[in-house]
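Peer 1: Encoded as structure tokens, here's the structure I'll be asking about.
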Amino acid sequence: MKKTLLLLLMAIGCAAALPACGSLPAAPLGQSAEESGAGYTLSQQVYQEECWNADRSHLLGKYSFTLPEMTGSGAAAAAADVFNEGVGTMLADEQAHWEGAMQDAKSYYYSMGSDSWSSTSAWVMEIQYETVETENLISLRYEHYVYSGGAHGYTYYTYQLFALQEGCFVSLQEMADDPAALQSAVAEEILRQIDAGDLAREYAYWSDYETYVRHWMEDYSVLFCEDGAMEIIFPAYDLASYAAGPQTFRIDRSVYEGCLNDYGKVLLGIPL
């Protein structure tokens with residue numbers, strides 16, 4: 078049984094509007110950000126807030142969002158502004174979601190009474206991230222954790238790709254002349270790995286798991302690794318039950334590089 082609420086949370090996490098590519102003049106194709114005279118650094122910024130009842134005797138909820146911030150010099154200064162604007166939009170969306178969730182938490186607290194509210198009842202929202210940085214691309218994966226009561230919380234994943242040459246966020250679709258071919262090639266490799274490892278039986282996959290696999294490009298998080306492999310992660314509940322945990326698949330570059338256009342190859346450092 079799929080969790081409609083959890084899919085809605087994923088949609089909220091993915092909904093941040095990002096600045097379109099082309100906001101800065103593009104460097105010549107194949108020229109790295111370093112060669113263009115750009116210099117940048119990434120640092121972590123932590124945003125936290127708590128929500129208490131009226132007399133501050135019970136913690137109703139808290140969030141902790143650890144997000145990247147870029148500083149740049151020279152040509153990278155404008156790119157840093159675009160990067161931080163995109164991350165800031167995501168932060169604003171998450172904070173708005175938090176405000177709505179706290180209204181629900183307050184209603185729940187006052188309806189059930191303080192005696193029924195324990196130290197483990199507080200609602201929680203957390204975000205952590207990881208990055209892989211190359212000459213031309215920053216690949217970011219965000220891990221979102223949400224707890225709103227019950228036996229356990231829910232973890233889902235979103236991602237961003239930032240092109241250093243142009244100083245803008247890009248999509249996988251922009252990196253392929255035929256995105257459908259890229260989607261199909263990667264999906265077939267995931268299904269091959271599932272079959273080869275007998276994962277559907279081992280983890281008791283849902284009967285319709287193939288539908289979710291084939292929609293990896295639209296709905297799931299991608300991280301490009303330093304060796305060029307693509308890592309795709311499906312949260313718990315999507316392919317199987319919570320007990321099975323997230324399902325992660327590593328796609329070698331050889332599987333998908335033939336589906337990339339020249340722009341996608343340059344971003345990933347693949348010779349033309």
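Numbering (our numbering), first residue to last: 78 to 349.
In this text, a Cβ means the ideal position worked out from N, Cα and C, and glycines have one as well.
Predicted model, so just to flag it, every value in this text is computed and none were measured.
(1) Use the C-beta contact count for Ala145: other C-beta atoms within 10 angstroms, 16 or more gives buried, fewer gives exposed.
(2) Quick check: what's the CA-CA separation for Glu279 versus Tyr289?
(3) Report the partner residues of Arg218 according to the DSSP bridge assignment.
(4) Only counting runs of 3 or more residues, tell me where the beta strand (DSSP E) segments fall wholly within the stretch 235-276, in order along the chain.
(5) Does the stretch 177-195 come close enough to the stretch 141-157 that 3 or more CB-CB pairs lie under 8 Å?
(6) Measuring only the C-alpha atoms, how far is Thr208 from Gly190?
(7) Can you tell me whether Ser120 is helix, strand or coil according to DSSP?
(8) Report yes if the CB atom of Ala155 is closer than 8 Å to the CB atom of Met147, and no otherwise.
(9) Rounded to whole angstroms, what is the Cα-Cα separation between Ala313 and Gly151?
(10) Tell me whether Gly341 is buried or exposed, calling it buried when 16 or more other Cβ atoms sit within 10 Å of its Cβ.
(11) In the DSSP assignment, find the unbroken beta strand (DSSP E) run with Arg330 in it and report its ends.
(12) Below 7 Å CB to CB, which residues in the same chain sit around Tyr224 once its five sequence neighbours on both sides are set aside?
(13) Could you check whether Tyr233 and Arg218 sit closer than 8 Å to each other, using their CB atoms as the reference points?
(14) Tell me which residue opens and which closes the alpha helix (DSSP H) that Glu295 is part of.
(15) Out of Glu171, Gln121, Leu345, point me to the one whose CA is closest to Val247's CA.
(16) Using 8 Å as the threshold, is the C-beta distance between Ile294 and Pro323 below it?
(17) Quick one, are the C-beta atoms of Glu126 and Leu136 less than 8 Å apart?
(18) Nearest-angstrom Cα distance between Ala228 and Ala321?
(19) So Ile310 and Ile267 are supposed to be a Cβ contact under 8 Å. How far apart are they, rounded?
(20) Taking the C-alpha atoms as reference points, what is the distance between Val299 and Leu249?
(21) Within this structure, are the beta carbons of Leu276 and Phe239 separated by less than 8 Å?
(22) Looking only at its chain, what residues have a beta carbon closer than 7 Å to the beta carbon of Leu316, apart from the 5 residues adjacent to it on each side?
(23) Can you tell me whether DSSP reads Arg278 as helix, strand or coil?
(24) Could you give the DSSP three-state label for Glu176: helix, strand or coil?
(25) Helix, strand or coil for Leu316, going by three-state DSSP, please let me know.
(26) Give every residue of the same chain whose Cβ lies closer than 8 Å to the Cβ of Leu168, excluding the five residues on either side of it in the sequence, and list them in chain order.
(27) Going by DSSP in three states, Cys128 sits in which element: helix, strand or coil?
Peer 2: On the basis of the supplied data:
(1) The sequence shown places Pro at residue 145, rather than the Ala named in the question. With 16 or more other Cβ atoms within 10 Å, it is buried.
(2) 18 Å
(3) Glu207, Tyr236
(4) 245-247
(5) no
(6) 43 Å
(7) strand
(8) no
(9) 43 Å
(10) buried
(11) Element bounds for Arg330: not the beta strand (DSSP E) but the alpha helix (DSSP H), 330-333.
(12) Trp200, Val201, Gly230
(13) no
(14) 293-296
(15) Leu345
(16) It should be noted that the sequence gives Met, not Ile, for residue 294. For Met294 and Pro323, no; Cβs fall outside 8 Å.
(17) no
(18) 15 Å
(19) The pair is not a contact, with the Cβ atoms about 11 Å apart (cut-off 8 Å).
(20) 9 Å
(21) no
(22) Tyr282, Trp283, Tyr286, Tyr289, Gln324
(23) helix
(24) helix
(25) coil
(26) Tyr124, Phe142, Leu144
(27) strand
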